[in-house]
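Residue numbering for the sequence shown follows full-length UniProt numbering, beginning at 1 and increasing consecutively.
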Amino acid sequence: MGAQAPASSGAGNLDDTKFATSGTSEPMDATEAEISAGGLFTSGNARSAALTGGGRFRIRRKIHEFQAQLLGNYAQAAIRQPDGARTGQLTAGNVQGRVRYDVYFHPRVTFFTMLTARFDPFLGLNMRMRVDPGFAFYMVNQPKHRLWAEVGYDFLYDQRRVRRGADNSQCPAGTSLVLDVPNTTSAMPTCAARPSVATHSGRVFLGYSNLLSEYVTFTTGIEYIQAFAPFRSNPVETDGGKARSKSWVNWDIALTTALGKRFAFATSFTLRYDNAPLPGIKKLDTITSFSLVFKFI
Numbered sequence: 001m002g003a004q005a006p007a008s009s010g011a012g013n014l015d016d017t018k019f020a021t022s023g024t025s026e027p028m029d030a031t032e033a034e035i036s037a038g039g040l041f042t043s044g045n046a047r048s049a050a051l052t053g054g055g056r057f058r059i060r061r062k063i064h065e066f067q068a069q070l071l072g073n074y075a076q077a078a079i080r081q082p083d084g085a086r087t088g089q090l091t092a093g094n095v096q097g098r099v100r101y102d103v104y105f106h107p108r109v110t111f112f113t114m115l116t117a118r119f120d121p122f123l124g125l126n127m128r129m130r131v132d133p134g135f136a137f138y139m140v141n142q143p144k145h146r147l148w149a150e151v152g153y154d155f156l157y158d159q160r161r162v163r164r165g166a167d168n169s170q171c172p173a174g175t176s177l178v179l180d181v182p183n184t185t186s187a188m189p190t191c192a193a194r195p196s197v198a199t200h201s202g203r204v205f206l207g208y209s210n211l212l213s214e215y216v217t218f219t220t221g222i223e224y225i226q227a228f229a230p231f232r233s234n235p236v237e238t239d240g241g242k243a244r245s246k247s248w249v250n251w252d253i254a255l256t257t258a259l260g261k262r263f264a265f266a267t268s269f270t271l272r273y274d275n276a277p278l279p280g281i282k283k284l285d286t287i288t289s290f291s292l293v294f295k296f297i
């Protein structure tokens, strides 16, 4: 929801990549377009495949800037069955998109609004939509060195993946909906009380970017989102049956090395923490990715 392009940083998660793409302290015109792709394949005793890919577009005209980004991750492993046969099992799969519009009404201050959408069955979601208006403040805003903070409002809307006609006899009291989460069974279902939920929150973010040399760029950013309506989760939709404060922490770090005028190699690490996930969903997710980036413009 911030601004550094996942394609250029090699990140595997749009929701947690917050680095700004504006470059200098003065208004300037710019047009950028690029794609990235990475993967991992194994065969023999272990058989698996993982793919990540995305694209980014940015245009800056005077004080106005628009960005659009799309990212997808997919992984599948062959699981050996008792009879010796192997069956494919999905281990990761999500699609994320984001658009952002900035108005630079001061060299060190910008107003922005972002819209982010995510499809992620492993979180039990058909769609997670975030709307984030706010202000960005640049403490250091040089072409090769930037330090900035963002503060604003966050609206979250989750549309959950409900498995129609599923047996809910194993669901905790107060929940009646079985979520369609990959690799879960009827004996250990992921359950919810409502098919959708909306949350109003406040958001703060701190980012840092440094062009270490002509070829190497380092970026990092950390974000904290605290819900205030509702402040706590529904107890029946929380592990242990206890309401928790609804908050999220996202941290991203990336290193990009230029291989030429249009190609670059990027590696990144993303940490995503949810203090009140649904039952059966872990609080902490991490992603490490390696990508080859091609820049069109």
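Using N, Cα and C, we set each Cβ at its ideal position, and we do this for glycine too.
{"Query": "Meets three-Cβ-pair contact criterion under 8 Å: the stretch 189 to 196 and the stretch 168 to 181", "Result": "yes"}
{"Query": "Residues bridged to VAL204 [DSSP beta-bridge criterion]", "Result": "VAL151, TYR224"}
{"Query": "Buried versus exposed call for PRO182 [16 or more other C-beta atoms within 10 Å across all chains shown]", "Result": "exposed"}
{"Query": "Opening and closing residue of the beta strand (DSSP E) in which ILE35 lies", "Result": "30 to 42"}
{"Query": "Sequence-distant residues of its chain with Cβ nearer than 7 Å to SER291 (five each side left out)", "Result": "GLY10, SER36, ALA37, GLY38, THR52, ALA266"}
{"Query": "Rounded straight-line distance, which links the Cα of GLY280 to that of PHE122", "Result": "10 Å"}
{"Query": "Reduced DSSP secondary structure (H/G/I, E/B, other) of GLU237", "Result": "helix"}
{"Query": "The stretch 251 to 266 in contact with the stretch 230 to 240 per 3-pair CB rule at 8 Å", "Result": "no"}
{"Query": "Nearest-angstrom beta carbon gap, THR175 and ALA149 [assumed within contact, 8 Å]", "Result": "Not confirmed; about 39 Å, so no contact."}
{"Query": "Residue(s) in a DSSP beta bridge with VAL140", "Result": "LEU147"}
{"Query": "Three-state secondary structure (DSSP) of LEU278", "Result": "coil"}
{"Query": "Burial state of ARG108 (16 or more Cβ within 10 Å)", "Result": "exposed"}
{"Query": "Proximity of SER196 and PHE228 at Cβ, strictly below 8 Å", "Result": "no"}
{"Query": "Other residues of its chain near LEU40: CB distance less than 6 Å, five sequence neighbours each side excluded", "Result": "ALA50"}
{"Query": "Pair within 8 Å by beta-carbon distance, GLN69 and GLY97", "Result": "yes"}
{"Query": "Buried/exposed call for SER22, threshold 16 Cβ in 10 Å", "Result": "Any reading at SER22 must be qualified, since the residue scores a pLDDT of 39, below 50, and its modelled position is unreliable; the value itself is stated next. By the 10 Å Cβ count, SER22 comes out buried."}
{"Query": "Heavy atom of the ligand GDP within 7 Å of ASP252 beta-carbon", "Result": "The ligand content of the structure shown is nil, which means the ligand GDP is not present either."}
{"Query": "Nearest neighbour of ILE297, chosen from GLY55, LYS282, HIS145, LEU71 [CA to CA]", "Result": "GLY55"}
{"Query": "Beta strand (DSSP E) segment containing LYS295, residue limits", "Result": "284 to 295"}
{"Query": "ARG146 classed as buried or exposed, judged by whether at least 16 other C-beta atoms fall within 10 angstroms", "Result": "buried"}
{"Query": "Cβ-based neighbour list, GLN81, same chain, cut-off 7 Å, excluding 5 preceding and 5 following", "Result": "THR87"}
{"Query": "Neighbourhood of GLY124 by C-beta, 8 Å cutoff - its chain only, sequence neighbours within 5 removed", "Result": "ARG160, ARG161, LEU179, ASP180, VAL181, THR190, ALA192, LEU278, ILE281"}
{"Query": "Among THR270, ALA276, PHE111, ASP274, nearest to THR288 - alpha-carbon criterion", "Result": "THR270"}
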